[in-house]
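The numbering of the sequence shown is this note's numbering, which starts it at 67 and goes up by one.
We put the CB at the ideal spot given by N, CA and C, even for glycine.
No experiment lies behind these values; they were computed from the predicted model shown.
Below is one structure, written out as structure tokens; comments come after it.
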Amino acid sequence: MATLLTALTKLSSYHLLAWGSLLGMQLYQTFVMTKVCYLYLPRPQFTTLQKRIFPLYFGIETALAAATAATYPSGSIWALASHHLNSALLGLTLAMSGLNLLVYGPKTIEAMVHRSHQKTREALRSSTTVTGNSTSEEMHLARRQFSRNHAMSIHLNLIGVISTVVYGVSLSSRMA
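Given below as structure tokens:
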């Protein structure tokens with residue numbers, strides 16, 4: 067019991083909890099939830115869910131990356147600054163999640179909504195006129211804008227996940 071109480075007073079315990087929560091959430095959201103939702107939800111419901119989930123995911127990811135850095139063992143963030151590899155890895159994770167939270171997540175959601183609205187306009191237009199099955203220039207641009215922002219968001223997320231995993235390898239090497 068005394069060992070447990072001692073562990074609760076050490077910064078390293080909270081560091082490990084923050085890092086483990088960060089990695090678990092990243093892996094689960096990136097490789098399980100998104101795939102399952104994409105496979106089993108109709109596109110309108112999938113789109114609605116993604117609009118709600120990803121801002122929350124990127125916000126929690128950013129907070130957990132910051133908490134992991136702030137609880138760095140051996141003296142908090144000041145000790146982290148002297149370990150260049152670890153500070154670079156946690157900084158990269160924080161930067162990628164921050165970019166997704168503040169820039170590419172909102173741009174992707176905006177483009178996704180625009181693409182959805184354009185699809186509705188195209189359907190209304192095609193029901194009133196007889197025009198063949200060609201895609202309009204507006205729809206092409208909406209899809210391209212979404213694809214560009216979505217690809218950037220995916221790549222930033224993947225870089226963040228990889229840097230979190232590599233940080234975990236570095237962390238475990240200090241425990242052995």
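Asked, Found
"Since Tyr233 and Leu155 are thought to touch, with beta carbons under 8 Å apart, how far apart are those beta carbons, to the nearest angstrom?", "4 Å"
"DSSP three-state call for Tyr233: helix, strand or coil?", "helix"
"Would you mind sorting Glu203 into buried or exposed? The rule is 16 or more other CB atoms within 10 Å of its CB.", "exposed"
"Touching or not, the region 77-84 and the region 133-141, by the rule of three or more beta carbon pairs under 8 Å?", "yes"
"Answer yes or no: do Met178 and Asn223 have a C-beta to C-beta separation smaller than 8 Å?", "no"
"By alpha-carbon positions, which one of Ala84, Val169, Ser153 ends up nearest to Phe124?", "Val169"
"Output yes or no for whether 8 Å exceeds the beta carbon distance between Leu185 and Asn215.", "Here residue 185 turns out to be Lys, not Leu, going by the sequence shown. No, the Cβ-Cβ distance between Lys185 and Asn215 is not below 8 Å."
"State the DSSP-derived secondary structure class of Leu107, mapped to helix, strand or coil.", "coil"
"Which residue wins for smallest C-alpha separation from His81, given the options Thr113, Thr96, Leu146, Ala208?", "Leu146"
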